[in-house]
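Numbered per the numbering used here, the sequence shown spans residues 32 to 316.
No residue lacks a Cβ here, since even glycine has one placed at the ideal position from N, Cα and C.
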Amino acid sequence: MDRVPAVTVTTRPLWQIRLVRELPRMLLLGVSFAGLAASARYAIAPPRPATPTHARAAAPARDLAAEGFAQLFARRYLTWEANDPEAHQQALAVYVGAGMEPSVGLQPPSAGEEQVQWTEIVQERMAAPGARVYTVAAQTDTAGLVYLTVTVARARGGTLKLAGYPAFVGAPASGPAPAEGVSREVSDPALRTVVERALRNYLADSSAELAADLTSEAQVSLPAQALSLEAVRRLDWSPGGGEAVSALVQAQDGRGAHYTLAYELDVAQAASRWEVAAIQTNPDT
């Protein structure tokens, strides 16, 4: 007698059946909506690469008034006469702040004097918001070349003030000029002739003769001191590429002083003839 297989009937709520049937479609719709939302977000506000913190802070604009203030202080501070200390104190009285010593702490020796011949700002750094530390190079007649740091700040009203005592420091780091690299010498005799003639007329302040070797667009400002060209020691193609040459020349002034000078010239070839487009500087920039 054959055995009849048993059949089990299980009942489930209708909402579960509908959920199982609709689940794949719902998942597909969810993924589609997420993709549309992401596309809209990128279109409205596209992501931007993160900017390093150090690059966000813009370099402070140069403060010419503060530079002049620092140099004027350095001149008055380093200029003194032993037999007239009151004059030195009076010259610095405008800089002395609350709790600061007279003459900003400088007491001249019992004999001698010192004069400042020239000053120059050689370094600058921000000490704090609104305060800058300037390194002033000062050439004196007795102590020679000295370097003095002067901290200058701006008050709320914008006035300049000395923000503390100065300090003597060393010179900015420097080193010897690097050795000349390998360069390609100009072999074209026509170009060498034009460059030498142009430099001879340029140094001699002969604008009419120089014009014959210039391009129509060339802008050249002649030196204030006329020199005579003695020789072109080297003429090489400039390492930067393009049609530019570097000339190392020997020149002499009217007093008999000799100079070794380096010039860069932009050159152009038109109708089989070389012309000079610029010499060392662009007077329009």
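May I have the straight-line CA-CA distance separating residue i from residue j, to the nearest angstrom?
| i | j | result |
| --- | --- | --- |
| Val276 | Tyr126 | 52 Å |
| Ala174 | Val164 | 23 Å |
| Glu227 | Val263 | 7 Å |
| Val147 | Gln256 | 27 Å |
| Leu230 | Leu260 | 7 Å |
| Pro254 | Tyr108 | 37 Å |
| Glu132 | Pro197 | 12 Å |
| Ala118 | Ala129 | 20 Å |
| Gly195 | Thr312 | 41 Å |
| Glu112 | Ala122 | 12 Å |
| Leu245 | Asp219 | 18 Å |
| Ala309 | Pro270 | 17 Å |
| Arg265 | Leu279 | 5 Å |
| Arg156 | Arg93 | 11 Å |
| Leu241 | Gly143 | 54 Å |
| Val307 | Ser252 | 13 Å |
| Asp315 | Glu248 | 12 Å |
| Thr190 | Ser205 | 35 Å |
| Thr110 | Leu176 | 13 Å |
| Tyr294 | Asp172 | 34 Å |
| Thr235 | Asp284 | What sits at residue 235 in the sequence shown is Ala, not Thr. Going from the Cα of Ala235 to the Cα of Asp284 covers about 10 Å. |
| Ala124 | Glu151 | 23 Å |
Is residue i near the ligand ATP, with its Cβ less than 7 Å from a heavy atom?
| i | result |
| --- | --- |
| Val251 | Questions concerning the ligand ATP fall outside what the structure shown contains, since it holds no ligand whatsoever. |
Starting from residue i and walking both ways along the alpha helix (DSSP H), at which residues does that stretch end?
| i | result |
| --- | --- |
| Ala118 | Pro116 to Leu123 |
| Arg3 | Since the first residue of the chain shown is 32 and the last is 316, residue 3 is not available in this structure. |
Residues bridged to residue i by DSSP?
| i | result |
| --- | --- |
| Glu151 | Ala168 |
| Glu144 | Glu112 |
| Ala198 | Thr180 |
| Glu248 | Paired residues: none, contrary to the question. |
| Met57 | Answer by DSSP bridge pairing: none, since Met57 is not bridged. |
| Glu216 | Asp267 |
| Leu158 | According to the sequence displayed, residue 158 carries Ala and not Leu. BP columns for Ala158 are empty, so no partner. |
| Arg163 | Met157 and Val183 |
What is the DSSP secondary structure of residue i, reduced to helix, strand or coil?
| i | result |
| --- | --- |
| Val183 | strand |
| Met131 | coil |
| Tyr233 | helix |
| Glu240 | helix |
| Ala221 | helix |
| Thr82 | For Thr82, the pLDDT reaches just 45, beneath the cut-off of 50, and the residue's location in the model is therefore unreliable, leaving the point undetermined. |
Where do the ends of the beta strand (DSSP E) carrying residue i lie?
| i | result |
| --- | --- |
| Leu137 | Where Leu137 is concerned, there is no enclosing beta strand (DSSP E), given that its DSSP letter is neither H nor E. |
| Leu191 | Leu191 to Leu193 |
Fully enclosed by the segment 260 to 315, which beta strand (DSSP E) runs are 3 residues long or longer? 275 to 283, 289 to 301 and 304 to 310
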